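Below you'll find the structure, written out as structure tokens, and then a few comments.
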Amino acid sequence: MQDKTLQTIIDTFFTCNPEELTEIFNELLSALQTDGVHHPGGLMSRNYETAQANPEIHTLTGNLRDARDAIFPFYWGTDEWYSKLHLENVKGPANYASLVGSLACLLKNPNLCIDTYSQRSNELEVKAITSLANLVFYNTETPWGIFNMGGTISNLYGGKIGIEKVCPGAMSKGLQGETLAGLVSEAAHYSNKTLAGWLGIGTDNLHSIATDSNFAMRIDLLADKLDELYRQEVKVAFVIATFGGTDGFGIDDVAAIRKLIDEKATEYQVPAPQLHIDAAVGWILCVLNEYDLKENSFGVDDEVLPIIGKIQQHAKALKYADSITVDFHKMGWGHYPASAFIVNRREDLRYLLRTLDQVPYFSEAEYRHDPALFTLECSRPAIGPYSVMASLNGIGLRGYQVLLANSLEMAAFTKKEIDKLDYCKVLNTDTTGATVLWWVLPKGRNAEEIYSKLERGELSLEEQGQYFHEIKHLFDKRSADLNPKIDARLSFTTSIGYSPHGINIPAWKAVFFNPKTDRPVVEQVIRSIEDL
Ligand SMILES: *Cc1c(COP(=O)(O)O)cnc(C)c1O
-12 MQDKTLQTII
-2 DTFFTCNPEE
8 LTEIFNELLS
18 ALQTDGVHHP
28 GGLMSRNYET
38 AQANPEIHTL
48 TGNLRDARDA
58 IFPFYWGTDE
68 WYSKLHLENV
78 KGPANYASLV
88 GSLACLLKNP
98 NLCIDTYSQR
108 SNELEVKAIT
118 SLANLVFYNT
128 ETPWGIFNMG
138 GTISNLYGGK
148 IGIEKVCPGA
158 MSKGLQGETL
168 AGLVSEAAHY
178 SNKTLAGWLG
188 IGTDNLHSIA
198 TDSNFAMRID
208 LLADKLDELY
218 RQEVKVAFVI
228 ATFGGTDGFG
238 IDDVAAIRKL
248 IDEKATEYQV
258 PAPQLHIDAA
268 VGWILCVLNE
278 YDLKENSFGV
288 DDEVLPIIGK
298 IQQHAKALKY
308 ADSITVDFHK
318 MGWGHYPASA
328 FIVNRREDLR
338 YLLRTLDQVP
348 YFSEAEYRHD
358 PALFTLECSR
368 PAIGPYSVMA
378 SLNGIGLRGY
388 QVLLANSLEM
398 AAFTKKEIDK
408 LDYCKVLNTD
418 TTGATVLWWV
428 LPKGRNAEEI
438 YSKLERGELS
448 LEEQGQYFHE
458 IKHLFDKRSA
468 DLNPKIDARL
478 SFTTSIGYSP
488 HGINIPAWKA
498 VFFNPKTDRP
508 VVEQVIRSIE
518 DL
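The following block contains the structure:
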């Protein structure tokens, strides 16, 4: 070939030029440092109209600044959620130790599918998984696991092992006309429906067990459901317990579920279902496992100490689980994607193993070094392990304890302030997370009384419609009138995950994720409610 282009490409795009890269990186960083100049969410309006009509690409070979220019408006137009006024959900800001880790990962670009494509990065994954496993299972002998792109997929792994346990050979033979079922609570994340559909069980065979007023699965109803399904000779593949629900932060009683599913399995002489824990958000509670409540070395608010006591009780039961989902990109303040699927006992991975003849590229593979032998993915990014180990060692266990304790204090403070208003009611008073759900009704209404009428089943359909309309209307009114410089962004859920008498209860929602969110932000939220 005569063309000089190849050499230009090699020099420009495949040869590291640190000056040029740091210059561009500095430009991107300075665009990021506009704290306070822009309010959350409002950086730039979207232009979906021509996104598809005009996807032009350059014809001639350019340089790294062309790469920068191609993405810059979209980078600029994306909110990194560093503002302390973002309270909508368990989303951003990611911490900068995680950035250091993630960038290091991108520079080497390992592929975690097998050891030969990732070398020590694979070793780092083993370290990251083991560190997280020790946190969540506390005393575990043979944990193993992998990182993947999200809690949905981690839950899917748990479901898949369950299917193989109760329907051996499903991986090769399929379900062969058998009816399989999975069980979750009413407060479970919708990703469980996704996996039931994708794994071929069918979303209709994912049964939701009603929760109690603390958003925890009712064990009596779980027992009834197991009896009903086993009598119909349905194979129950898994129970996915929620450990920290996305809205109400409900925590299922893992120890009671373990005991019940084992008893029922013995009674009906069937293999016990997989007990998978969806701790996508709630795993972070485990950092407080060893916090000494008497000593209280951080001086955590008195009213938060009993919450930490409850957290320590909940967390102890995780050791009864077979497997767990940990989203580090949520309350680890890490970068996407960093979800870990972890089994308590390594041998459970045998249900997912491929034989070497199914993976011809990896003829020398061994599952401890070569996760491709059991993973859903083939190519797999290493951002997760890099983000986790950089963050855990940068911020440190004590640092994570402080971060979580702060979130808990902010949630408790918010609950206390909201409950001072008669026309408002906190709906998750006794849950132990960083989320607050509440009602705002027009002034003059007694929210507490209306809620207890609802729970007792004494609210007429008309009353219910009227109140729910008011709650949504006031939320919309606040959103419309919101001063983006001072008013926090909240979110709205149409169903909190506790449905007495089958009623889907709507609520306002705030999540204390950002460590910068302080009491004045909450006080302003309260003022904005009073001004409605
Ligand atoms: C976010 C979430 C999921 C889904 O995780 P992704 O990482 O978003 O795929 C599953 N379960 C719970 C409880 C969650 O909060």
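Using our numbering, you'd call the opening residue of the sequence shown number -12 and step up by one each time. No residue lacks a Cβ here, since even glycine has one placed at the ideal position from N, Cα and C. All of these numbers come straight from a predicted model, not from anything done at the bench.
Check: If you measure from each residue's Cβ to the nearest non-hydrogen atom of ligand 1, which ones come out under 7 Å, in chain order?; Outcome: Val77, Gly137, Gly138, Thr139, Ile140, Asn142, His176, Ser178, Thr229, Gly231, Gly232, Thr233, Asp265, Ala267, Val268, Thr312, Asp314, His316, Lys317 and Ser326
Check: Could you check where the beta strand (DSSP E) with Asn121 kicks off and where it finishes?; Outcome: No beta strand (DSSP E) holds Asn121; the alpha helix (DSSP H) holding it covers Arg107 to Phe124.
Check: Using 8 Å as the Cβ pair cut-off and three pairs as the minimum, do the region 325 to 341 and the region 357 to 365 touch?; Outcome: yes
Check: Using the C-alpha atoms, what's the distance from Tyr410 back to Leu340?; Outcome: 56 Å
Check: Which residues mark the beginning and the end of the beta strand (DSSP E) in which Asn135 is found?; Outcome: Trp131 to Asn135
Check: According to DSSP, simplified to helix, strand and coil, what is Arg55?; Outcome: helix
Check: According to the Cβ coordinates, are Asn179 and Gly237 closer than 8 Å?; Outcome: no
Check: Considering just the uninterrupted stretch of the beta strand (DSSP E) at Ala228, what are its terminal residues?; Outcome: Lys222 to Thr229
Check: Take Ile271 as the anchor and find which of Leu99, Ser89, Ile(-4) and Phe124 has the nearest alpha-carbon.; Outcome: Phe124
Check: If you follow the beta strand (DSSP E) that Leu523 is in, where does it begin and where does it stop?; Outcome: Residue coverage of the chain in this structure runs from -12 to 519, which leaves residue 523 outside it and unanswerable.
Check: Would you identify the three-state DSSP class for Ala267, choosing helix, strand or coil?; Outcome: coil
Check: Mind reading off the beta-carbon distance from Tyr69 to Pro80? Whole number of angstroms is fine, and I expect it under 8 Å.; Outcome: 4 Å
Check: DSSP puts Thr422 in a beta bridge; with which residues?; Outcome: Val498
Check: Can you tell me the Cβ-Cβ gap for Ala377 and Val113, rounded? I've got them flagged as a contact below 8 Å.; Outcome: Actually they do not touch by this definition, with Cβ atoms about 16 Å apart.
Check: Any idea what DSSP makes of Gln163, helix, strand or coil?; Outcome: coil
Check: So, is Gln261 buried or exposed, given that buried needs 16 or more other C-beta atoms within 10 angstroms?; Outcome: buried
Check: Kindly indicate the opening and closing residues of the beta strand (DSSP E) around Thr312.; Outcome: Ser310 to Asp314
Check: Taking the CB atoms as reference points, tell me whether Lys459 and Pro429 lie closer together than 8 Å.; Outcome: no
Check: Of all the options Asp249, His176 and Lys503, which has the alpha carbon lying nearest to the alpha carbon of Thr233?; Outcome: His176
Check: Please list, in chain order, all residues of the same chain as Gly296 whose beta carbon is under 8 Å from its beta carbon, the five residues on each side excluded.; Outcome: Leu280
Check: What are the uninterrupted segments assigned as alpha helix (DSSP H) that are 4 or more residues long and contained completely in the region 364 to 440, given in chain order?; Outcome: 370 to 406
Check: What do you get for Pro42, buried or exposed, if any count of 16 or more other CB atoms within 10 angstroms of its CB means buried?; Outcome: exposed
Check: Quick one: grab the DSSP three-state call for Ala302.; Outcome: helix
Check: Which partner residues does Ile329 have in the DSSP bridge list?; Outcome: Gly132 and Ile311
Check: Sort Asn121, Thr65, Thr418 and Phe12 by Cα distance to Asn34 and report the nearest one.; Outcome: Thr65
Check: Return the Cβ separation of Arg228 and Ile248 in integer angstroms, given the expectation that the two are a contact with Cβ distance under 8 Å.; Outcome: First, the amino acid is wrong: residue 228 is Ala here, not Arg. About 10 Å; that fails the 8 Å criterion.
Check: I'd like the span of the alpha helix (DSSP H) that includes Ser447, first residue to last.; Outcome: Where Ser447 is concerned, there is no enclosing alpha helix (DSSP H), given that its DSSP letter is neither H nor E.
Check: Tell me the rounded alpha-carbon separation between Glu67 and His25.; Outcome: 11 Å
Check: When burial is assigned at 16 or more other CB atoms within 10 Å of the CB, is Ile516 buried or exposed?; Outcome: buried
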